[in-house]
Amino acid sequence: MRFETKLIHAGQKPDEKTGSVNVPIYQTSTFKQDAVGKDRGWTYSRSSNPTRKALEDCVASLECAESAYAFASGMAAETAVLSLLRPGERLIASCDIYGGTYRLVEKVLKPNGIKVLYLDLSKPSNLERIKLPFSMVWLETPSNPLLKICDIKRIALFCQKNKAILSVDNTFATPFFQNPLLLGADICVHSSTKYLAGHSDIIGGVVAVKSKKLAKKIKFQQNACGAVPGPWDCWLTLRGIKTLALRMKKHQENAFAVADFLKLRKEVSKVFFTGLKEHKGYYAALKQMRGHCGIVSFEIKGGEKSAKKFLSSLNLFSLADSLGGVESLANYPRVQTHGFLTEKQRMKLGITPGLIRLSCGIEDISDILYDLKKSFEKLK
Numbered sequence: 501m502r503f504e505t506k507l508i509h510a511g512q513k514p515d516e517k518t519g520s521v522n523v524p525i526y527q528t529s530t531f532k533q534d535a536v537g538k539d540r541g542w543t544y545s546r547s548s549n550p551t552r553k554a555l556e557d558c559v560a561s562l563e564c565a566e567s568a569y570a571f572a573s574g575m576a577a578e579t580a581v582l583s584l585l586r587p588g589e590r591l592i593a594s595c596d597i598y599g600g601t602y603r604l605v606e607k608v609l610k611p612n613g614i615k616v617l618y619l620d621l622s623k624p625s626n627l628e629r630i631k632l633p634f635s636m637v638w639l640e641t642p643s644n645p646l647l648k649i650c651d652i653k654r655i656a657l658f659c660q661k662n663k664a665i666l667s668v669d670n671t672f673a674t675p676f677f678q679n680p681l682l683l684g685a686d687i688c689v690h691s692s693t694k695y696l697a698g699h700s701d702i703i704g705g706v707v708a709v710k711s712k713k714l715a716k717k718i719k720f721q722q723n724a725c726g727a728v729p730g731p732w733d734c735w736l737t738l739r740g741i742k743t744l745a746l747r748m749k750k751h752q753e754n755a756f757a758v759a760d761f762l763k764l765r766k767e768v769s770k771v772f773f774t775g776l777k778e779h780k781g782y783y784a785a786l787k788q789m790r791g792h793c794g795i796v797s798f799e800i801k802g803g804e805k806s807a808k809k810f811l812s813s814l815n816l817f818s819l820a821d822s823l824g825g826v827e828s829l830a831n832y833p834r835v836q837t838h839g840f841l842t843e844k845q846r847m848k849l850g851i852t853p854g855l856i857r858l859s860c861g862i863e864d865i866s867d868i869l870y871d872l873k874k875s876f877e878k879l880k
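Written out as structure tokens, the structure is:
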């Protein structure tokens, strides 16, 4: 099946008993067994649930994976992957990872004996110079919020030579625009809260894996730790996925228009968008991505004061955490996504007082641009 057909049909066959074209919501915690030790493939919804399995099979198909496993949040999905590391092993993580991931690494992994090294993985040579042993590389591409691009294929080859796992957060690109496993990654992680579900109405995460060996390990983590989503959230995610291609095309279209608009504003000193030729990761993105997500970040002149005034003046855009929904959202990374970091760390990463992240929704572009224009005018 082609990708856009998979979105609607992968893991989602009509119900055999009723003919329902939509996957039923199996709102149950447990399943009746026919006899002691004899079940019908389902026993307890923490271990597996038919609605959740439909979502997992769908994402596995979209990411060309051996298997996929759904979790109660993106952070729960990340925790399952990072729990593969053992005390004394080393994780190499991209220096500009999401603030929540950084908190997990610093406050959970490190105290449990995991060694951590942060590198700018948008420059693969930084990794290739490493002589220390390592067990896993963790990266986001595009990254949040500066949209840095990491060369997945090149990094994957280095990981393979060192018998290390490569895990890629594919939340921003989505499987519509990028497939990390086909580029050599071992694990692909999503916050399904974002573009996959796409309507800002669920919290969830998914881990897709390339091998049966990793599938067995992630499945064990899912069942043993129990951070699983309920069937209703799984059903909503499946429903959202059906329109992923249509939504991503519109997100991309609007993001291009917003990026071009911001480039011409005298109040803006820098624009970050993977679709711009002047973006540092533009050519790397062309090699591994089929398109661009709806995230555009920019630096506004005047620092924190101008940024806060601009954000408070927005009307159509909502100042909020998260991204990837059908509605346009604005975010202040210095306080929101990367508030956990120190000011020195934020500045080193480029999370400046004037940095604003926009998640361009699928509204009419004229309304989006009008809202931005009016907010800029209020800075005067």
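Heads up, the sequence shown is in our numbering, so the first residue is 501 and it goes up one at a time. Idealized CB from N, CA, C, for every residue including glycine.
In this structure, the beta-carbon distance from residue 593 to residue 616 falls below 8 Å.
Of the candidates 595, 682, 869, 682 places its Cα closest to the Cα of residue 789. In the assembly as shown, residue 749 is an exposed residue. Its beta-carbon has fewer than 16 other beta-carbons within 10 Å. Shown here, residue 570 sits in a strand according to DSSP, grouped into three states. Cβ neighbours of residue 857 within its own chain (closer than 6 Å, five residues either side excluded): 645, 797, 831, 833. The residue from 746, 766, 776 with its alpha-carbon nearest to that of residue 504 is 746. Straight-line spacing of the CA atoms in residue 742 and residue 508 works out to 5 Å.
The segment 504 to 570 is shown to contain whole alpha helix (DSSP H) runs of 4 or more residues at 550 to 562, in chain order. Shortest Cα-Cα distance from residue 578 to any of 825, 674, 525, 704 involves 704.
In the structure shown, residue 672 falls within a coil segment according to DSSP collapsed to helix, strand and coil.
By the C-beta density criterion, residue 754 is buried, having at least 16 other C-beta atoms within 10 angstroms. Here DSSP, grouped into helix, strand and coil, assigns residue 791 to coil.
A Cβ-Cβ distance of about 6 Å is found for the pair residue 635 and residue 664, placing them in contact under the 8 Å criterion. Under DSSP, the beta-bridge partners assigned to residue 618 are 593. Assigned with DSSP and collapsed to three states, residue 728 falls in coil, not helix or strand. For residue 754, the enclosing alpha helix (DSSP H) covers residues 744 to 763.
Contact between the segment 516 to 531 and the segment 672 to 687 is not established, with fewer than three Cβ pairs separated by less than 8 Å.
Taking a cut-off of 8 Å for Cβ pairs, the segment 541 to 560 and the segment 508 to 517 touch, as three or more such pairs fall below it. No Cβ-Cβ contact shorter than 8 Å links residue 868 with residue 751. Residue 770 has 799 as its beta-bridge partners, per DSSP. Pairing residue 767 with residue 800 gives a Cβ-Cβ distance under 8 Å. In the DSSP annotation of this structure, the continuous segment of the beta strand (DSSP E) that includes residue 708 starts and ends at 705 to 709. Secondary structure note for residue 659: its alpha helix (DSSP H) is the uninterrupted segment 652 to 661. Per DSSP, residue 692 is not a residue of any beta strand (DSSP E), being assigned neither H nor E.
Collapsing the DSSP output to three states places residue 734 in a helix. Non-local C-beta neighbours of residue 675 in its own chain, meaning closer than 7 Å and more than five positions away in sequence, comprise 562, 563, ordered along the chain.
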